[in-house]
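I have placed the structure first, in the form of structure tokens, so that the comments after it can refer back to it.
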Amino acid sequence: MSDPCHEDGAVIELSEREWQQQVLAALQLDGQRLTAPRQAIVRWIAAQHTPFSAEALTAALSPQPASVGRATAYRAVEWLRDQGWLARVQTERGDYTYARTLPGHHHHAVCTRCGALLMFEGCAMIESLTSMLEAQGFQVQGHIVELFGLCATCKAKT
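The end of the sequence shown is residue 169 by my numbering, with every number in the run present.
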């Protein structure tokens, strides 16, 4: 199995401004116009520090002057996810939310109290599991790792 992972244990810092600039550039490269609704969607998502639902995005932007409609918001979320700018994160309850990310292979740790998301690289922990499964004849073709627990801030409050 080829390893798409990077240096183990590397936490990925993702500033709002850098993410927003990179996404707007990617939209333009894809031949999409930077309409007011698209810019409002990208700006709102860039400001989110915890996972969000497409419905929350729609609700937050529907009263805005940019008049972001439900279909526009959902299409934007789908494009961002397809291009690797949003990660679909399964919550502990089993439903899905979205978090801004960067294209490429990453894993997530999600705070079950506040929803904060920590994005990290590294797959060494998967290697022993992959070896065990391959010894049983199972060919691993990929993986997704999402961990749930308490972030440092919420842990300090307990």
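A virtual CB, placed ideally from N, CA and C, is assigned to each residue, including glycine. Nothing here was measured: the structure is a model prediction, and the numbers come from that model.
Please confirm whether residue i and residue j have their CB atoms less than 8 Å apart.
{"i": "Leu97", "j": "Tyr109", "result": "yes"}
{"i": "Ala84", "j": "Leu68", "result": "yes"}
{"i": "His116", "j": "Glu157", "result": "no"}
{"i": "Leu113", "j": "Ile23", "result": "yes"}
{"i": "Gln31", "j": "Arg49", "result": "no"}
{"i": "Leu25", "j": "Met130", "result": "yes"}
{"i": "Leu92", "j": "Arg99", "result": "Per the sequence shown, residue 92 should be read as Arg rather than Leu. Closer than 8 Å, so yes."}
{"i": "Arg111", "j": "Gln43", "result": "no"}
Do you know whose CA, among the options, lies nearest residue i's CA?
{"i": "Ala167", "options": "Ser139, Val151 and Arg124", "result": "Arg124"}
{"i": "Thr46", "options": "Ser142, Val79 and Ile155", "result": "Val79"}
{"i": "His154", "options": "Thr169, Met136 and Gln147", "result": "Met136"}
{"i": "Val88", "options": "Ser142, Glu66 and Asp106", "result": "Glu66"}
Who are residue i's beta bridge partners in DSSP?
{"i": "Val100", "result": "Thr108"}
{"i": "Val121", "result": "Leu128 and Phe159"}
{"i": "Phe63", "result": "Tyr109"}
Skipping 5 residues on each side, what residues in its chain have a beta carbon closer than 6 Å to that of residue i?
{"i": "Ser64", "result": "Thr108"}
{"i": "Thr141", "result": "Val151"}
Residues in its own chain within less than 7 Å of residue i by CB, not counting five upstream and five downstream?
{"i": "Thr61", "result": "Cys125, Gly126, Ala127 and Leu128"}
{"i": "Cys165", "result": "Cys122, Arg124 and Cys125"}
{"i": "Thr71", "result": "For the sequence presented, residue 71 should be read as Ala rather than Thr. So the list reads Trp55, once near-sequence residues are dropped."}
{"i": "Gln101", "result": "Tyr107 and Glu157"}
Once you ignore the five residues that flank residue i on each side, which residues in its own chain have a CB closer than 8 Å to its CB?
{"i": "Ala37", "result": "Gln94 and Trp96"}
{"i": "Leu35", "result": "Leu45, Gln50 and Val53"}
{"i": "Glu27", "result": "Ala57 and Ala58"}
{"i": "Asp14", "result": "Any answer about Asp14 is weak, because its pLDDT of 40 lies below 50 and its placement is not dependable; what the coordinates show is given next. Same-chain partners within the cutoff: Cys134."}
{"i": "Thr169", "result": "Leu161"}
Quiz item: Hey, which unbroken runs of the alpha helix (DSSP H) at 4 residues or more fall wholly within the region 23-56?
Solution: 27-40
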